[in-house]
Structure formats: C-alpha cells, structure tokens
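Structure first, commentary second.
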Amino acid sequence: MAILSIDTPPGNIPAGTDIPAISAIDVSKRYGAVSALEGLTLEVGRGEVFGLLGPNGSGKTTLMRLLAGYLLPSAGRLAVMGHDTTTASLAVRRCIGYVPEAAPLYRQMRVGEFLTFMARLRGVPERKVKGVIEGVADRLALCSVLDKPTRALSRGYRQRVALAQALLHDPDILILDEPTNGLDPRQIIEMRQLIRSLAGRHTVLMSSHILGEVEKTCDRVAVLLDGRLLGVRRIADMPDLEAWFLSLT
247 MAILSIDTPP GNIPAGTDIP AISAIDVSKR YGAVSALEGL TLEVGRGEVF GLLGPNGSGK
307 TTLMRLLAGY LLPSAGRLAV MGHDTTTASL AVRRCIGYVP EAAPLYRQMR VGEFLTFMAR
367 LRGVPERKVK GVIEGVADRL ALCSVLDKPT RALSRGYRQR VALAQALLHD PDILILDEPT
427 NGLDPRQIIE MRQLIRSLAG RHTVLMSSHI LGEVEKTCDR VAVLLDGRLL GVRRIADMPD
487 LEAWFLSLT
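Be aware that the sequence shown starts at 247, since it is given in the numbering used here, and climbs by one per residue.
Put into structure tokens, the structure is as follows:
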C-alpha cells in the first residue's frame, strides 16, 4: 500500500494518486492487559461518509482518538491522507477536523469570538479569518447566533458550532464521534443533512450506536465489537442493516 512522504503538504495530494483517506493495517491499542482495539485493518476512501457502528466500549472512540493524534497505536500502522499518525502527527492533524462526543466550547465566549480563536489556532491566515468564519457560519446556518454566548445555545446549535470549528481550516477528513447524541428528532434530521452535504468535498468518519442513523447517513459501515472489526458493507448493498448487524453480534 502506497504511503506518501511525510513531507507531502496536507491538502496537496497529487491528482489521481491512489491514496485512501484513512488506512489502518493491523492496528491495536492496549492498556496493559486490556485491549481497546485489536488487529484492525480498514480503508476509508476519499469523499465518502463512513460509519463506525457498535455498542459503547466497542472501540469506535479509541480509533477516532488514534486518528486525531490523542493516542498512539500499540501495534500496526495508521495513516491519514498518506501521512503516518505516529511519525507525521502534525501533518495528520492539519488534515483532520475532529468533533468529540462531548464537544468542549468556551462558555464565556460568544460564538464569533470562539470561532475566531479556533481559526487562529488552526493556522488560518489573519487576513482570511473573517471570511472563513462567515463562510462556515453561512454553510451551517450559524449567522444568527454569532453574537450569542455559547452557553446560551441549544444542544443542536452547540453541535453546529463544534462542527464549524472543525471545518475552519477546510480539512480533508472530518471525524465525528456520536454527532447526533442528545439531539431532538428535528435536530437529528438537520445534523444528518449537514453531514451528507459535506460528502465529496470532505471524507467523513462518524461513529454511532444507532442503526437507523448510520443507515440514513453513511455510504459504508463497519461493525466493531470488543475492539475487533466484524465486517464492512456498503449500505446500498444491504436490504436489512439490522439483520446483518445481529448476525455479526
């Protein structure tokens, strides 16, 4: 499998290069005798929405934290846009926008102030910060709340702001950990539509333990259980995701 040099700038993969967005080869993560992820081999193509499905404790969040550089694998090789997550972690982080399940927002900041702060942390040039924020806010329907404190937002708007900060540097890959958790039915539908709108321009890796959300949002899905990959299928090829899931678990 081709792996680009760590000197290749993020976002500048040559056209036509056959490099997957995410590549995991026999990846494991262990904490002493406890195995959170074991022998995972998986590829995610560029531009697709890929779902990680499994119960709590199945290894979904561990994989996402490995990709985001919060953790290092105990064994195996993990690459993002051709960059090894262990030897080229800074290049990997430039390729990724990450929204954890409990997305932290600075409650004392207004939405616009928070996004400005995050844009600067992301390395967005100062002359472009205002335009980038306006573009992302328009894309996620946040223009009406830019002057509001983050603490005053509904759960749905907080999720949108968390997604906005992950998009500020126009990453190749978005990693979304349980993006619809805690949302009401209308907010779930809106978040699903947002995620689908990101496909193509971005690769989206999202986790969930809700079968229906994965089925309606993702192009492909992987099932994990107890840190092991049980199977990968295209949603379009499955007449019954629930039956397939139950057959594996």
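C-beta atoms are modelled at their ideal positions from N, C-alpha and C, and glycine is treated no differently.
The residue from L444, V370, L440, S453 with its alpha-carbon nearest to that of N427 is S453. Around the Cβ of G377, a 10 Å sphere holds fewer than 16 other Cβ atoms; the residue is exposed. Spatial neighbours of R292 in its own chain (CB-CB distance under 6 Å, excluding positions within 5 residues in sequence) are listed in chain order as A267, T449. According to DSSP, residue pairing for K275 in a beta bridge involves L283.
Cβ atoms of M364 and L414 come within 8 Å of each other, at about 6 Å. Judged by their CB atoms, P417 and V345 are not nearer to each other than the 8 Å cut-off. The segment 323-338 and the segment 351-362 do not touch, with fewer than three beta-carbon pairs separated by less than 8 Å. Looking at the DSSP output, D330 bridges to A325.
Rounded to whole angstroms, the Cβ separation of T396 and R404 is 7 Å, and the two are in contact under 8 Å.
No Cβ-Cβ contact shorter than 8 Å links L470 with L440.
When DSSP states are grouped into helix, strand and coil, S390 belongs to the helix group.
For I271, same chain residues with a beta-carbon under 6 Å away, outside a window of 5 residues either side, are T287, G322, R323 in chain order. Just measuring C-alpha positions, the residue of G303, E294, R432 sitting nearest V280 is G303. P319 is positioned such that its CB atom lies no closer than 8 Å to that of S269.
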